[in-house]
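A quick write-up on the structure given underneath.
Chains as they are written, first to last, in the working numbering: chain A, 234 to 666; chain B, 234 to 666.
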């Protein structure tokens with residue numbers, strides 16, 4: 234009996250007869266030779282059958298195979314330089330587990346995005362979607378490895394919250410028994426409490442935003458990894474962000490050459506990113522730059538998608554825009570030590586117009602200043618009493634930031650719309666399948 | 234300037250002067266000697282100051298220190314066999330970053346659980362809670378490492394679902410723009426779709442259950458890791474579950490000796506677990522056993538907490554109860570090949586009464602049988618059309634199971650109530666802080 238293995242492992246079995254189980258993603262016949270293209274979830278490989286080498290009943294069944302049928306194949310692994318994987322199988326047997334009907338909805342013709350999303354459960358099987366989601370896996374894993382190696386521990390912030398850290402617009406509301414709860418937009422306030430107990434923590438979980446906007450950068454449900462670190466200042470936090478992003482890009486480059494090739498990603502851009510120090514703009518300098526490069530932005534405005542594009546389109550490095558006006562930022566950001574109209578915060582923009590991928594700040598650690606800030610934002614002190622306790626009992630300088638998993642994946646994959654980076658994306662008009 | 238490091242790293246600096254930043258969790262003075270007990274999130278260490286070796290102003294400030302103040306200390310690391318960590322610091326300087334008031338709410342006296350949960354943001358700093366949540370981190374990480382090493386990839390199932398896989402009772406409902414959505418109880422159906430694209434997948438995410446029951450095993454929001462595997466059968470899945478659980482216990486034992494000691498966990502129980510093959514009961518045999526050991530359970534009943542206790546109290550091995558009556562199980566479980574009144578499913582019960590930690594099944598992969606089962610459960614076929622597609626296009630035998638993160642953590646930590654295994658637990662009567 235040949236050994237059962239996976240396409241991803243075939244290089245270990247050159248010259249051996251192996252068993253693979255998977256799905257037929259394509260096939261063609263040329264007389265006495267039958268080419269069966271198999272995917273098993275770990276990769277893709279071609280199995281070549283000759284009429285003479287296969288029992289007659291199997292050869293006949295092969296003639297009526299259809300796309301997305303499931304099969305068990307046996308074959309001998311041989312190196313084949315013309316194959317993408319570098320290998321193919323000399324087929325010795327084939328068994329059809331389940332013969333698919335001939336109406337598989339996703340064909341070679343172009344489909345519109347709504348059709349593909351309606352068939353997301355099948356679209357996932359196509360090569361490009363397979364590649365993007367494997368990159369997503371590596372992005373999460375690489376970031377976890379980075380922060381774990383730095384002594385961080387992963388903890389979970391709650392999804393159900395009694396209130397929000399950035400106001401209640403854009404929040405999803407839930408009936409929580411006899412109360413109202415909101416789905417978390419970000420676990421930051423909880424991470425700050427954990428940070429005082431564990432020093433260096435992060436969460437990695439879904440966040441929720443009931444945003445009405447339909448853009449190619451927004452999902453209602455998205456994942457982020459949020460580190461929170463005690464005893465570091467704003468610039469140290471920015472250095473850590475640079476290190477983390479470079480680590481994950483290198484992590485992916487080392488493990489996903491074939492996925493990046495499938496997606497036709499220009500890897501020289503990613504390689505260059507590793508070499509280039511991040512560019513730092515003070516917010517006010519970014520505004521000046523934008524105004525002299527065609528943007529109508531005014532001091533005190535948030536950056537629009539076009540502004541992010543202008544700042545990064547010619548850059549192979551990430552671009553940091555830091556130290557924004559306090560008036561447009563949430564209550565918890567630390568006042569800048571040299572200009573009290575600013576806060577110690579920053580957004581990190583991916584190169585080449587891929588937009589914001591990280592946002593963070595130093596947190597206000599002074600009790601009185603935080604109370605004042607809550608009042609200025611018309612936020613109720615009683616609800617934030619527990620959060621104020623963190624400034625009362627052993628307050629320390631601390632910073633945190635959020636890394637958007639879908640946004641980083643979109644950038645590394647080099648794809649247009651963030652929806653392809655989630656297995657089952659959720660948007661304002663999309664809740665199925 | 235001494236090197237800034239963490240308590241977890243001090244063994245690398247014996248004989249060196251180092252800098253630590255952290256919080257005072259205790260202190261005592263004996264005349265000319267001051268013992269400052271420091272925690273920095275990575276661990277705990279005692280710093281010993283002598284009046285003669287410290288500048289007078291620092292010595293005086295030290296006399297008025299209070300619990301949970303934040304400090305920067307310098308000191309020389311020395312081995313100290315009487316210390317839990319094996320080391321202590323000969324203090325050379327101390328700087329108070331933030332002097333806490335003297336009303337820190339959590340003292341040495343016993344507090345009730347509601348008081349502690351109201352102060353969860355501070356309770357996290359206590360040694361036992363720190364230890365439990367570090368175990369939680371290792372449980373998640375160990376399980377990820379196990380499945381990643383087996384070629385699995387982690388993907389995310391959606392939190393927002395238009396319908397539920399096990400009925401709509403116990404579901405949290407959300408206003409999703411102009412629609413209703415439900416918070417996922419389990420991503421299984423989505424994982425099955427992913428499984429046909431990626432072969433071996435898992436998710437690791439929060440699940441939600443609006444259960445009215447108040448027990449020490451239930452949270453409204455809980456995390457689970459759910460593998461779904463193509464081309465394996467029920468018994469192979471059970472073997473994988475055993476391997477995964479043994480891997481994670483060994484992973485924790487190797488990394489968390491001090492956390493387990495803090496929790497006074499009998500590690501010989503965990504070591505024995507590694508050696509003992511899981512005990513397998515057919516459901517019907519479990520019922521017989523229970524009836525002869527004092528339970529009033531009848532064939533066709535679910536196992537109660539007491540039944541789980543009876544089955545496992547004398548066991549150092551996990552106990553599997555498998556192949557339950559179809560009538561009490563969800564529509565998607567595969568009919569047993571030798572008894573059509575049963576399904577191929579199983580619960581894994583932790584040793585010594587710690588209850589269910591894993592539940593899983595082989596999935597029905599036959600299209601017609603699944604349609605029949607949906608009808609028998611009065612479920613609408615149109616909503617499950619996409620799920621049925623998975624049986625139409627290349628159906629394959631596949632299995633999956635869910636590992637409860639809080640439940641596994643509770644068992645490994647050896648603690649009574651599951652609420653301590655979540656940083657900010659959510660229960661029917663608990664939504665804050």
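All C-beta atoms, glycine included, are put in the ideal place defined by N, C-alpha and C.
The beta-bridge partner set that DSSP reports for residue 256 of chain B consists of B:272 and B:303. At a C-beta separation below 8 Å, residue 438 of chain A has these neighbours in chain B: 438 and 439. Following the DSSP letters along the chain, one finds residue 282 of chain B inside the beta strand (DSSP E) bounded by residues 277-283. Closest in alpha carbon position to residue 304 of chain A, among B:626, B:281 and B:516, is B:626. Between the region 612-631 of chain B and the region 321-341 of chain A there are three or more inter-stretch CB-CB distances shorter than 8 Å, so the stretches are counted as touching. In terms of Cβ geometry, residue 389 of chain B and residue 456 of chain A form a close pair [threshold 9 Å].
Along the region 396-420 of chain B, going in chain order, the ones with a CB nearer than 8 Å to a CB of chain A are 405, 406, 407, 408, 409, 410, 412, 414 and 416.
In the same chain as residue 655 of chain A, and ignoring 5 residues on each side of it, the C-beta atoms closer than 7 Å to its own belong to 452 and 639, in chain order. In this structure the region 499-508 of chain A does not lie against the region 531-548 of chain A, because fewer than three pairs of beta carbons, one per stretch, are closer than 8 Å.
Straight-line spacing of the CA atoms in residue 467 of chain B and residue 238 of chain A works out to 19 Å. Taken in chain order, the complete alpha helix (DSSP H) segments of 4 residues or longer contained in the region 410-456 of chain A are 421-431. The DSSP assignment places complete beta strand (DSSP E) segments of no fewer than 3 residues inside the region 568-592 of chain A at 578-583, in order along the chain. Legend: CB atoms of the region 604-629 of chain A lying less than 7 Å from CB atoms of chain B belong to residues 619, 622, 623, 625, 626, 627, 628 and 629.
The C-beta of residue 653 of chain B comes no closer than 9 Å to any C-beta of chain A. Residue 460 of chain A sits away from residue 393 of chain A, with the two beta carbons spaced by 9 Å or more.
Residue 512 of chain B carries a strand assignment under DSSP once its states are collapsed to helix, strand and coil.
Per the DSSP secondary-structure output, residue 663 of chain B pairs in a beta bridge with B:660. Scanning its chain for C-beta atoms nearer than 6 Å, with the 5 sequence neighbours on each side dropped, one finds around residue 236 of chain A the residues 251, in chain order. Under a criterion of Cβ atoms nearer than 7 Å, the residues of chain B adjacent to residue 430 of chain A are, in order, 274, 357, 358 and 363.
Per the coordinates, the alpha-carbon of residue 611 of chain A lies some 12 Å from the alpha-carbon of residue 617 of chain A. With 16 or more other CB atoms across the displayed protein chains lying within 10 angstroms of its CB, residue 584 of chain B is buried. Against chain B, the CB of residue 346 of chain A has no partner CB under 9 Å away; the residue lies outside that interface. In this structure the region 465-480 of chain A lies against the region 574-581 of chain A, because at least three pairs of beta carbons, one per stretch, are closer than 8 Å. Within its own chain, the residues whose Cβ lies closer than 7 Å to the Cβ of residue 519 of chain B, once the five positions on either side in sequence are excluded, are 544 and 554, listed in chain order.
Nearest neighbour of residue 292 of chain B by Cα position, chosen from B:567, B:266 and B:607, turns out to be B:266. Under the criterion of beta carbons closer than 8 Å, residue 278 of chain A and residue 240 of chain A qualify as touching, at roughly 5 Å.
A distance of 9 Å or more separates the beta carbons of residue 647 of chain B and residue 454 of chain B.
As the crow flies, the alpha-carbon of residue 299 of chain B is around 16 Å from that of residue 263 of chain B. Interface annotation for the region 463-480 of chain B against chain A: 463 and 464, criterion Cβ-Cβ distance under 8 Å.
Residue 568 of chain B has a beta carbon lying at 9 Å or more from every beta carbon in chain A. In summary, the residues of the region 366-378 of chain B whose CB is separated from some CB of chain A by less than 8 Å are 366, 367, 369, 370, 373, 374 and 377, in the order they occur in the chain.
Within chain B, the residues placing a beta-carbon under 7 Å from that of residue 427 of chain A are 357 and 656, ordered along the chain. According to the DSSP assignment, residue 609 of chain B belongs to the alpha helix (DSSP H) that extends over 600-609.
Scanning the region 356-407 of chain A for uninterrupted alpha helix (DSSP H) segments of 4 residues or longer gives 360-382, listed from N- to C-terminal end.
Taking 9 Å as the cut-off, the Cβ atoms of residue 570 of chain A and residue 634 of chain A do not count as close. Taking a beta-carbon distance threshold of 9 Å, residue 644 of chain B does not count as an interface residue toward chain A.
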